[in-house]
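**Student:**
The structure is reproduced here in structure tokens:
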């Protein structure tokens with residue numbers, strides 16, 4: 091697939107990659123922690139409850155970070171927040187790589203969760219605002235590809251790490267330390283979002299002061315059109331993420347507890363699935379700004395639902411769990427978090443974009459954190475109930491996507507109709523094929 095003549099200048103792609111590395115670091119933290127906690131278990135005295143608490147803490151702090159970081163990104167700009175968050179992430183992964191007791195894992199999980207939670211909504215807003223209008227969907231979809239690359243890197247490292255025990259866990263976190271250091275250096279060269287700067291200056295003049303901007307923005311979140319957008323996208327992402335988070339944080343745990351196969355066999359299976367997942371993400375990048383996106387979204391949703399249904403219908407086994415991970419990974423290339431990220435740019439005005447994403451991400455990760463506390467117990471004592479719940483969550487998310495989100499107004503329409511949101515510099519994306 092060649093880049094069309096309408097492709098943006100190289101600096102836009104560079105911004106998309108450097109900012110989008112938030113998705114790589116997020117995926118890397120989740121997947122690495124899933125394997126590392128199992129490897130740390132005998133050496134640091136972890137039990138099922140401790141693994142559940144640390145995993146839940148990582149997710150809970152992501153929620154808190156998203157809530158705070160999203161608002162800070164809209165108030166103080168994208169660039170400053172993105173530099174601070176990756177520095178915080180670097181500190182947290184250093185602690186987890188050098189952990190000598192469970193306390194260091196708990197503290198590291200708190201720091202990493204806060205950092206990546208604050209980073210992600212702001213990075214997506216910057217990518218969208220620096221991308222040409224006709225390619226916003228494609229460049230947001232690139233963050234999904236970077237998410238997959240993060241999973242791939244962590245998975246390939248896990249093939250080696252599972253043979254090294256405690257040292258393997260340190261290797262997994264050491265990889266994240268190295269990548270975070272590189273990203274930190276690159277982010278210091280990014281410019282501030284031109285769209286955010288222009289919108290901020292325009293609204294500052296119209297509002298007559300910074301304090302009015304701060305209070306007005308918070309009031310606007312609860313106006314009827316914006317509240318509906320926040321509820322629809324937030325519920326979709328939260329429900330879909332419950333199953334995805336189970337697969338990401340507890341895939342290794344489920345495999346170890348519910349099958350008679352080695353942990354290394356799962357990492358080999360994941361590595362074999364990599365070409366399929368990457369191919370699916372490349373296809374979605376190609377259709378992200380085209381009418382065909384709707385058809386691919388429906389196909390991806392059905393594929394993922396099939397994956398969730400298999401362990402319910404046939405029980406957990408090496409085959410059904412492998413199929414679950416493969417089908418949901420491919421299906422999520424066209425749905426789930428990938429589509430949520432695009433909708434969040436297309437449906438929310440510039441000056442509230444990272445705030446709304448922070449709220450919806452926080453809501454989704456809080457639910458996931460609560461569910462993660464009981465996931466290990468459900469998996470070992472009531473596995474059918476666990477898989478049935480995840481199937482039900484995914485079905486509910488699909489209904490929201492097909493019946494509610496298409497009725498929502500676009501960001502451009504909200505900019506014109508919500509009081510105080512007028513922004514002449516806002517350049518709306520093409521009307522999405524799935525959504526408004």
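In my numbering, the protein residues as written are 91 to 526.
Using N, Cα and C, we set each Cβ at its ideal position, and we do this for glycine too.
Just to confirm before moving on: does the CB-CB distance between residue 216 and residue 283 stay below 8 Å?
**Tutor:** A contact, by the Cβ cut-off of 8 Å.
**Student:** Can you tell me whether DSSP reads residue 333 as helix, strand or coil?
**Tutor:** In this structure, residue 333 counts as helix in the three-state DSSP scheme.
**Student:** For residue 105 and residue 133, I'd like the C-alpha separation in whole angstroms.
**Tutor:** Roughly 41 Å separates the two Cα atoms.
**Student:** Look up residue 427 in the DSSP assignment and say whether it is helix, strand or coil.
**Tutor:** The answer is helix: DSSP assigns residue 427 an H, G or I state.
**Student:** Touching or not, the segment 164–183 and the segment 198–218, by the rule of three or more beta carbon pairs under 8 Å?
**Tutor:** Yes: the two stretches touch, three or more of their Cβ pairs being nearer than 8 Å.
**Student:** Looking at the secondary structure, which residues open and close the alpha helix (DSSP H) in which residue 247 lies?
**Tutor:** 226–251 is the extent of the alpha helix (DSSP H) around residue 247.
**Student:** Quick one: is residue 109 buried, meaning 16 or more other Cβ sit within 10 Å of its Cβ, or exposed?
**Tutor:** Classification for residue 109: buried.
**Student:** At which residue ranges does the segment 387–440 contain complete alpha helix (DSSP H) runs of 4 or more residues, listed in the order of the chain?
**Tutor:** Runs found: 408–421, 426–436.
**Student:** Measuring straight from C-alpha to C-alpha, what distance separates residue 194 and residue 315?
**Tutor:** Roughly 44 Å separates the two Cα atoms.
**Student:** Of the residues 476, 267, 230, 330, which one's Cα is nearest the Cα of residue 391?
**Tutor:** The shortest C-alpha separation from residue 391 is found at 330.
**Student:** By a C-beta neighbour count over all protein chains shown, 10 Å radius and 16 as the cutoff for buried, is residue 278 buried or exposed?
**Tutor:** Looking at its Cβ environment, which holds fewer than 16 other Cβ atoms inside 10 Å, residue 278 is exposed.
**Student:** Measure the C-alpha to C-alpha separation of residue 354 and residue 415 and round it to an integer number of angstroms.
**Tutor:** Cα to Cα, residue 354 sits roughly 15 Å from residue 415.
**Student:** Where does residue 348 fall in DSSP's three states?
**Tutor:** Helix, per DSSP.
**Student:** Less than 8 Å between the beta carbons of residue 154 and residue 204, yes or no?
**Tutor:** For residue 154 and residue 204, yes; Cβs fall inside 8 Å.
**Student:** With C-beta atoms as the reference, is residue 370 less than 8 Å away from residue 420?
**Tutor:** Contact flag set, yes.
**Student:** If you draw a straight line from the C-alpha of residue 520 to the C-alpha of residue 251, how long is it?
**Tutor:** In this prediction, residue 520 scores a pLDDT of 39, lower than 50, which makes its location untrustworthy; no coordinate-derived value is stated.
**Student:** Report the three-state DSSP secondary structure of residue 472 (helix, strand or coil).
**Tutor:** Looking at residue 472 - three-state DSSP - the assignment turns out to be coil, as it is neither helix nor strand.
**Student:** Between 481, 152, 396, 141, which lies nearest to residue 453 when the distance is taken from Cα to Cα?
**Tutor:** The shortest C-alpha separation from residue 453 is found at 152.
**Student:** Determine, using beta carbons only, whether residue 331 comes closer than 8 Å to chain C.
**Tutor:** Looking for chain C here will not work: only one protein chain is present.
**Student:** Hey, could you find the ends of the alpha helix (DSSP H) residue 494 is sitting in?
**Tutor:** Taken as a continuous stretch (DSSP letters only), residue 494 belongs to no alpha helix (DSSP H), as it is neither H nor E.
**Student:** Around the C-beta of residue 379, are 16 or more other C-beta atoms found within 10 angstroms, so that it is buried, or is it exposed?
**Tutor:** Buried, by the Cβ-count rule.
**Student:** Looking only at its chain, what residues have a beta carbon closer than 6 Å to the beta carbon of residue 412, apart from the 5 residues adjacent to it on each side?
**Tutor:** So the list reads 359, once near-sequence residues are dropped.
**Student:** Can you have a look at residue 472 and say buried or exposed, based on whether 16 or more other CB atoms are within 10 angstroms of its CB?
**Tutor:** Answer is exposed; the Cβ neighbour count stays below 16.
**Student:** Verify whether the separation of the beta carbon atoms of residue 463 and residue 161 is less than 8 Å.
**Tutor:** No, Cβ-Cβ distance for residue 463 and residue 161 is not below 8 Å.
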